[in-house]
Amino acid sequence: MNPSTDPGGVHGIPPRAIHERQLDDDMLLLQRAASASHQRGQFLEAVRVTAAVLFATAGVLITLIGHGRTAVSIVGFFWFVISAFLLKGLAGNTARQGALLQEMFDVALFHLPWRATVAGDPIPEPDVRRLARKLPRGGSKDKRITAGWYDPTNDVHHPYDVFIAQEQNLAWDARLRRRYSYLIAATAMLWAAIGLVAGLVVADATLGDTLLSFFVPSLAVYQIAYEIWSGQRKVADERDRLTKVVNTELHNGRPGPIPDDEWRRLRNVARDVQDGVLRTRLDTTRVPEWFYKRFRDDDERDFGDTAEGHRLRLAENTPPLT
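Position one of the sequence shown corresponds to residue 193 (our numbering), numbered consecutively onward.
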């Protein structure tokens, strides 16, 4: 499978816009494979989080009951090791696979060259097809794919059309990740308060017993909470930085033909931004599906309106705004 179509780029207005080409069969195949890989990553993350929460809950019960502290502490510590090393390693491999599939999709859709020095080799076509078959056809995720990710970019000269799509991707994800990091931080602080109250006040245990019975079984959940919080903020910061780069080019852009030297410069910027997008996708921290759905409609409207504003200003055949 060729990871790039027209890697030399398109001069002028592309014959078919990004929002149309994303629904071609080869584009849908890549999106389905990426979604299936992402789903596996979400499952691994759910296993880590669920088990960690169960051990942390057991810590609260043991703190209140006063029996079984040693056993729960030992099992909780061993699960912390499994979660932090084995499962996190598996999640890292899955994240890389999903990131490469998304990179293959974007590179082909945006007419950008594949950078093997950054991404390595693309995923072989048989593996792409195998993964794509794992996503149930007609399911909620498949319907979201066939509805299209990117908003219209018709009548916009390349590569400004790419910048519009990249800005939508970067800004939306940065907002979502930052929002989720706030939730994780608040939950971790609340859980610590619950443990202290349960041990020192309700059970009238010593500080040492409270630490042993509550916080040792909670090691895995705190490790995951810190990992998610710091990872989400790091990715959000990088995506915010890239959004500023893209927005600068969009705001400096004008409708109509682009001189060759400027066209080449803009293409290089778009390719560099795409490298940054790939780096953030390689991070194992994820936003759960339920959290994404909670804010999807409002976010989709906000960033869809922003993309349309860019399109109207840069489209060659669109009447000026009044």
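We put the CB at the ideal spot given by N, CA and C, even for glycine.
Checklist line | Nearest-angstrom Cβ-Cβ length linking alanine 287 and threonine 435, presumed shorter than 8 Å | finding: Here residue 287 refers to the residue found at position 95 when the sequence shown is read from its first residue. Here residue 435 refers to the residue found at position 243 when the sequence shown is read from its first residue. Between the beta-carbon of alanine 287 and that of threonine 435 there is about 21 Å, and that puts the pair past the 8 Å contact cut.
Notebook entry, point to check: Does DSSP put threonine 514 in a helix, a strand or coil?
Noted result: Taking the first residue of the sequence shown as 1, we reach residue 514 at position 322. In this prediction, threonine 514 scores a pLDDT of 44, lower than 50, which makes its location untrustworthy; the coordinate-derived value is nonetheless stated afterwards. Assignment of threonine 514 by DSSP, reduced to helix, strand and coil, places it in the coil class.
Next item on the list: Could you pull out every residue in the same chain whose Cβ sits closer than 6 Å to the Cβ of alanine 366, ignoring the five residues on either side in sequence?
Entry: Counted from its first residue, the sequence shown places residue 366 at position 174. Excluding residues within five positions, the ones whose Cβ falls inside 6 Å are Ala428, Arg431 and Asp432.
Checklist line | Euclidean distance between Cα positions of arginine 473 and isoleucine 386 | finding: Within the sequence shown, residue 473 is the residue found at index 281, counting from 1. Within the sequence shown, residue 386 is the residue found at index 194, counting from 1. CA-CA distance, arginine 473 to isoleucine 386, rounds to 34 Å.
Check: Which whole-angstrom value describes the C-beta separation of isoleucine 416 and alanine 244, a residue pair presumed to lie in contact below a C-beta threshold of 8 Å?
Finding: On the sequence shown, position 224 is the one that residue 416 refers to. On the sequence shown, position 52 is the one that residue 244 refers to. Isoleucine 416 to alanine 244, Cβ: 5 Å. Contact.
Note to self: Helix, strand or coil, according to DSSP, for arginine 505 in the structure here?
What the structure shows: Locating residue 505 in the sequence shown gives position 313, where the first residue counts as 1. Three-state DSSP puts arginine 505 in a helix.
Next item on the list: Using 10 angstroms around the beta-carbon of asparagine 482, count the other beta-carbons present and answer buried if the total reaches 16, otherwise exposed.
Entry: To locate residue 482, count along the sequence shown from 1; it is residue 290. It is tryptophan, not asparagine, that sits at residue 482 in the sequence shown. Exposed.
Next item on the list: Look at the Cβ atom of valine 320, then the Cβ atom of leucine 301, and state whether they are nearer than 8 Å.
Entry: Here residue 320 is taken as the residue at index 128 of the sequence shown, counted from 1. Here residue 301 is taken as the residue at index 109 of the sequence shown, counted from 1. Between valine 320 and leucine 301, the gap from beta carbon to beta carbon reaches 8 Å or more.
Notebook entry, point to check: By DSSP, does glutamine 214 sit in helix, in strand, or in coil?
Noted result: Sequence index remark: in the sequence shown, residue 214 carries index 22 (1-based). Coil.
Check: Quick one: is methionine 296 buried, meaning 16 or more other Cβ sit within 10 Å of its Cβ, or exposed?
Finding: Taking the first residue of the sequence shown as position 1, residue 296 is located at position 104. Burial of methionine 296 is indicated by the presence of at least 16 other C-beta atoms within 10 angstroms of its C-beta.
Checklist line | Reduced DSSP secondary structure (H/G/I, E/B, other) of isoleucine 337 | finding: On the sequence shown, position 145 is the one that residue 337 refers to. Helix, per DSSP.
Next item on the list: Starting from the C-beta of aspartate 209, find all residues in its chain whose C-beta is less than 6 Å away, skip the five residues before and the five after it, and write them out in chain order.
Entry: Sequence index remark: in the sequence shown, residue 209 carries index 17 (1-based). In the sequence as presented, aspartate is not what sits at residue 209; that position holds alanine. So the qualifying residues of the chain are Thr345 and Asn346.
Next item on the list: Please classify alanine 363: does DSSP put it in a helix, a strand, or coil?
Entry: One-based indexing of the sequence shown puts residue 363 at position 171. The three-state secondary structure of alanine 363, taken from DSSP, is helix.
Note to self: Determine whether the beta carbon atoms of alanine 507 and valine 348 lie at a separation below 8 Å.
What the structure shows: Position 315 of the sequence shown holds residue 507. Position 156 of the sequence shown holds residue 348. It is a contact, given that the beta carbons lie within the stated cut-off.
Margin query: Please report the distance separating the alpha-carbon of glutamate 212 from that of alanine 377.
Written below: On the sequence shown, residue 212 is found 20 positions in, with the first residue counted as 1. On the sequence shown, residue 377 is found 185 positions in, with the first residue counted as 1. Glutamate 212 and alanine 377: Cα-Cα distance of roughly 40 Å.
Next item on the list: Could you name the residues of the same chain whose beta carbon sits closer than 6 Å to that of phenylalanine 269, not counting the 5 residues immediately before and after it, in chain order?
Entry: Start at 1 with the first residue of the sequence shown, and residue 269 comes out as number 77. Around phenylalanine 269: no qualifying Cβ.
Checklist line | Other residues of its chain near tyrosine 414: CB distance less than 7 Å, five sequence neighbours each side excluded | finding: For the purposes of this step, residue 414 is identified with residue 222 of the sequence shown, where counting begins at 1. Beyond the five residues adjoining it in sequence on each side, tyrosine 414 comes within less than 7 Å, by CB distance, of Ala380 in the same chain, given in chain order.
Notebook entry, point to check: Where does isoleucine 450 land, buried or exposed, given buried means 16+ other C-beta within 10 angstroms?
Noted result: Here residue 450 corresponds to residue number 258 of the sequence shown, with the count starting at 1. By the 10 Å Cβ count, isoleucine 450 comes out buried.
Checklist line | Chain-order list of residues whose beta-carbon lies under 8 Å from that of alanine 412 (same chain, five-residue window excluded) | finding: Numbered from its first residue, the sequence shown carries residue 412 at position 220. Here the set comprises Arg240, Ala243, Ala244, Phe247, Ala248, Gly268, Trp271, Phe272, Ser275 and Ala276.
Next item on the list: Can you give me the Cβ contacts of glycine 204 inside the same chain, cut-off strictly under 8 Å, excluding the 5 residues immediately before and after it?
Entry: Translated into positions along the sequence shown, residue 204 becomes position 12. Scanning its chain for C-beta atoms nearer than 8 Å, with the 5 sequence neighbours on each side dropped, one finds around glycine 204 the residues His349, His350 and Pro449, in chain order.
Item checked: Nearest-angstrom beta carbon gap, valine 469 and leucine 362 [assumed within contact, 8 Å] -> Taking the first residue of the sequence shown as 1, we reach residue 362 at position 170. Taking the first residue of the sequence shown as 1, we reach residue 469 at position 277. Yes, they are in contact, since the Cβ atoms of leucine 362 and valine 469 sit about 7 Å apart, within 8 Å.
Margin query: Only counting the same chain, and skipping five residues up and downstream in sequence, which positions put a Cβ closer than 7 Å to that of leucine 327?
Written below: Start at 1 with the first residue of the sequence shown, and residue 327 comes out as number 135. Annotation for leucine 327: Arg224, Ser227, Ala228, Lys333 and Asp334 place their beta carbon closer than 7 Å to its own, counting only its chain and skipping 5 residues before and after.
Notebook entry, point to check: Taking buried to mean at least 16 other C-beta atoms within 10 Å of its own C-beta, is tyrosine 418 buried or exposed?
Noted result: Position 226 of the sequence shown, counted from the first residue, corresponds to residue 418. Here tyrosine 418 is exposed. Its C-beta has fewer than 16 other C-beta atoms within 10 Å.
Check: Residue range of the alpha helix (DSSP H) that valine 320 falls in?
Finding: For this step, residue 320 is matched to residue 128 along the sequence shown. Run containing valine 320: 317-325, per the alpha helix (DSSP H) assignment.
Margin query: Whole angstroms are fine: how far does the CA of glycine 200 sit from the CA of leucine 375?
Written below: Within the sequence shown, the letter at position 183 stands for residue 375. Within the sequence shown, the letter at position 8 stands for residue 200. Their backbone Cα atoms lie some 43 Å apart in a straight line.
Next item on the list: In the DSSP assignment, find the alpha helix (DSSP H) that holds threonine 472 and state where it starts and stops.
Entry: Here residue 472 refers to the residue found at position 280 when the sequence shown is read from its first residue. For threonine 472, the enclosing alpha helix (DSSP H) begins and ends at 452-473.
Margin query: Suppose you measure from the CA of serine 373 to the CA of glutamate 441; what does that come to, to the nearest Å?
Written below: The sequence position of residue 373 within the sequence shown is 181, counting from 1. The sequence position of residue 441 within the sequence shown is 249, counting from 1. Distance between the alpha carbons of serine 373 and glutamate 441 is about 29 Å.
Item checked: Simplified DSSP assignment, three categories, for asparagine 346 -> Mapped onto the sequence shown, residue 346 falls at position 154. Coil.
Next item on the list: Can you tell me which of the three DSSP states isoleucine 205 falls into?
Entry: Walking along the sequence shown from the start, residue 205 turns up at place 13. Coil, per DSSP.
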